[in-house]
Every structure is written in structure tokens, then in C-alpha cells.
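For reference, the structure discussed in these notes is given below.
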Amino acid sequence: MMRLKAQLAMLLAIVLCLPGLAEDAPKTEAETFFGRHGALHVSGTGLADAAGAPVQLRGVSTHGLAWFPEFVNEGAFRTIRDDWGANAVRLAMYTCEAGGYMTDGDRDALEALIDKGVNLCGQLGMYAIIDWHILSDGDPHTHADAAEDFFRRMSARYADWPHVLYELCNEPNGKGVNWPVVRDYAERIIPVIRANAPEAVIICGTPDWSQDVDAVAADPIDDANTIYALHFYAASHRIALRARAKKALEAGTPVFVSEFNICDASGGGAIDEKSAAAWRELIGDYNLSYMAWSLSNADETAALIRADCPKTSDWTGDELSETGRWLRGMMREDGEKN
Numbered sequence: 067m068m069r070l071k072a073q074l075a076m077l078l079a080i081v082l083c084l085p086g087l088a089e090d091a092p093k094t095e096a097e098t099f100f101g102r103h104g105a106l107h108v109s110g111t112g113l114a115d116a117a118g119a120p121v122q123l124r125g126v127s128t129h130g131l132a133w134f135p136e137f138v139n140e141g142a143f144r145t146i147r148d149d150w151g152a153n154a155v156r157l158a159m160y161t162c163e164a165g166g167y168m169t170d171g172d173r174d175a176l177e178a179l180i181d182k183g184v185n186l187c188g189q190l191g192m193y194a195i196i197d198w199h200i201l202s203d204g205d206p207h208t209h210a211d212a213a214e215d216f217f218r219r220m221s222a223r224y225a226d227w228p229h230v231l232y233e234l235c236n237e238p239n240g241k242g243v244n245w246p247v248v249r250d251y252a253e254r255i256i257p258v259i260r261a262n263a264p265e266a267v268i269i270c271g272t273p274d275w276s277q278d279v280d281a282v283a284a285d286p287i288d289d290a291n292t293i294y295a296l297h298f299y300a301a302s303h304r305i306a307l308r309a310r311a312k313k314a315l316e317a318g319t320p321v322f323v324s325e326f327n328i329c330d331a332s333g334g335g336a337i338d339e340k341s342a343a344a345w346r347e348l349i350g351d352y353n354l355s356y357m358a359w360s361l362s363n364a365d366e367t368a369a370l371i372r373a374d375c376p377k378t379s380d381w382t383g384d385e386l387s388e389t390g391r392w393l394r395g396m397m398r399e400d401g402e403k404n
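Per my numbering, the sequence shown runs over residues 67 to 404.
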């Protein structure tokens, strides 16, 4: 009860008291998902709300912010909230690749897109995930100094915004990048966030492109509000990865599916509906939170919008890709349950 009172007081302060945030701060209307649930925390193998009730975040990840910035807009987020039943958006900021934060990207523009996305989610009563999207850089230590600076500033900026979650490293990968390596990186970055946002939910990637979630149980991070990323692409990842996921969950490891799709891991190829259905069953059995990849009209199977559709919001079913229609159906049905 004391925790709930403190969080309600914090929400009221955000709306009424903090200078300069009157228009942009998260709203607490009871009809929005955030308004009903407030600040989240890790509980058991998933998430719970301010009152301690289990919560499932379900939503979409942007594609790389530098590549599809036009999809970070109020209409897009409102459409996935009202038509799809989504309650969260993951803001994927590539660290490397073309336009990446650590390569040739415009850092100010990328951070402005993050700020826009966080504000939009707040206004719409949705949760926002700020994703430090490592991929080709593999080892999260590669740019750890920049990550530390980035998360220090982001957590200070959104310290009093309880709808914000932080994802430390999208998909650690490569030779020698095992769980001790990833944990060592996380144990450097987490205190930076905790100095500003002591109770925010933090998502930590796992080795082998966030598939080795079962490695966490033997030596988890000593932080009660850290949850571990599991990524899958249904046409590439089937029984073996589901078995590892179940092993982790049965060992009590908190798991968040912060990226997935129903095609193959390249983002292309055919949809594997049988594998997708099996993954959906596992997600339902354990009430896992999930973010579908990706909110874009990229010319690939994983894109949720058809490549020939120029619209950036208010999509009809015909304007969604086959993947988009399948995932919208999943979110709609899950939204009716909770």
C-alpha cells in the first residue's frame, strides 16, 4: 500500500507540479493502460503494476530510428493503441550500421526522435522502451563509454516519468560474448540509470542475439527490477529455443520478449504459422510481455506495413503486410484478455 501511495503521488507530481512538463508529461487518465497500471516492476518471471497485479506489455518496435523516422508520430502510435490493442512502443536506436549513433548518425536528431516517442507514449498512456540497439558491434563493451553517457542523460531526463523502460543492449553476439561478459557490461550501466531512476524497469539483452536467456539463472544480476530479453523469429527459432525459454522461466528468470517476428531471422522469407502459434502459446502460458518487429514499410516480411503503402498511420487491414495482420490479431486478442 505504501508503494502504491508513493507512486500515485509521483504521478500527480508529474502532471501538476514539475516545471516545464505540463503539456508533455505522461497523463494518468484512468481509461489508458498507463493510467490504470502506473509504474511497473519486475515480479516473478514477468511484470506487475503499481498495485502488484500481473501486467503484460504488448506492442511494437520501431525499425531503426534513423531509417524510418516518419513512423514516430502521434497518429501511428494512436493507431496501434486503439486499433491493435498495443500499450507500448520500443524505440530502436541503432548504435552502429548506417545512420547509427556511434557511426555516421545525427545524434541530436536521434535523441530528438527518442524524446518525441517518449512524449507521445506519455500523452497516449502507453509505455516507452528506450533501446540501445547494438547489433554489428556485438560486444556491448565496444561502446560502453558512450552507453554510460547516453543512459546517464536519458535516465536524468526521464527520471520522474514512470512510463519509461530502458533496454541496455539489444542483441549481444559474437565469439566470446557470453553471459559473464554481458553481465559485466550491465553491472556498469545499471548503477548509472539507478542514480536517476531507482525503480525503473531495465531490460538486459542476453548472449547469442538475446537467445541465451537460460544462461542467466545461474548468475543473475543483483538488481530486483532487471528483466532479461528473449528474441525469436518464428521461422528460424523453433523447439530448441522454446525449450531454453521454458528452462529459464521454470528457473524463475524474469523474461521479456523485447523483439520477435513470425518470419525468419533475416527479416525475410515466409511466415511459419505453426511455429508462431507455438510461440504465442508459450507467451500466453507465462504472460510474457512482447514487442513485435517492426513498425515500418520496409520491403521485407518483418515489416508490419505493406511496402507500397505510403501512409504512416490509420492503416486499414489491406494496408498491413501479412505479418502485420497476424500480429495485429494477436495483440487484439491479448488486449481483450487483460
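The C-beta atom is built at its ideal place from N, Cα and C for all residues, glycine as well.
Remember, predicted model here, so these are calculated numbers, not experimental data.
Asked, Found
"Residue 147 versus residue 174: straight-line alpha-carbon distance, rounded", "28 Å"
"Test item: CB-CB of residue 300 and residue 255 under 8 Å", "no"
"C-beta atoms of residue 248 and residue 286 nearer than 8 Å", "no"
"Residue burial classification, residue 332 (beta-carbon count within 10 angstroms, cutoff 16)", "exposed"
"Same chain only: Cβ atoms within 7 Å of residue 398, ignoring 5 sequence neighbours per side", "150 and 151"
"Residue 140 classed as buried or exposed, judged by whether at least 16 other C-beta atoms fall within 10 angstroms", "exposed"
"Residue 111 versus residue 385 - alpha carbon distance", "36 Å"
"Residue environment, residue 404, which counts as buried when at least 16 other CB atoms sit within 10 Å", "exposed"
"Where the alpha helix (DSSP H) through residue 242 begins and ends", "No alpha helix (DSSP H) holds residue 242; DSSP gives it neither H nor E."
"Integer-rounded CB distance, given that residue 360 should sit under 8 Å from residue 98", "Actually they are not in contact, since the Cβ atoms of residue 98 and residue 360 sit about 24 Å apart, beyond 8 Å."
"Cα-Cα separation, residue 368 to residue 362", "9 Å"
"Contact check, residue 258 vs residue 221, beta carbons under 8 Å", "yes"
"As assigned by DSSP and simplified to three states, the class of residue 205", "coil"
"Beta-carbon proximity list for residue 371, same chain, < 7 Å, skipping 5 on both sides", "362, 363, 381, 385, 386, 387 and 390"
"Simplified DSSP state of residue 187, which is helix, strand or coil", "helix"
"Within-8 Å CB hit, residue 151 to chain D", "Annotation note: the requested chain D is absent from the structure, which comprises a single protein chain."
"Candidates 379, 315, 252 and 293, of which the one nearest residue 349 by Cα", "315"
"Extent of the continuous alpha helix (DSSP H) to which residue 275 belongs", "273 to 276"
"At least three beta-carbon pairs within less than 8 Å, the region 264 to 271 to the region 223 to 231", "yes"
"Residue interval of the alpha helix (DSSP H) (run including residue 328)", "No alpha helix (DSSP H) contains residue 328, which DSSP labels as neither H nor E."
"Cβ-Cβ separation, residue 186 to residue 217 (assumed contact under 8 Å), whole Å", "Wrong, their Cβ atoms sit about 21 Å apart, outside the cutoff."
"Local conformation of residue 133 per DSSP, three classes", "coil"
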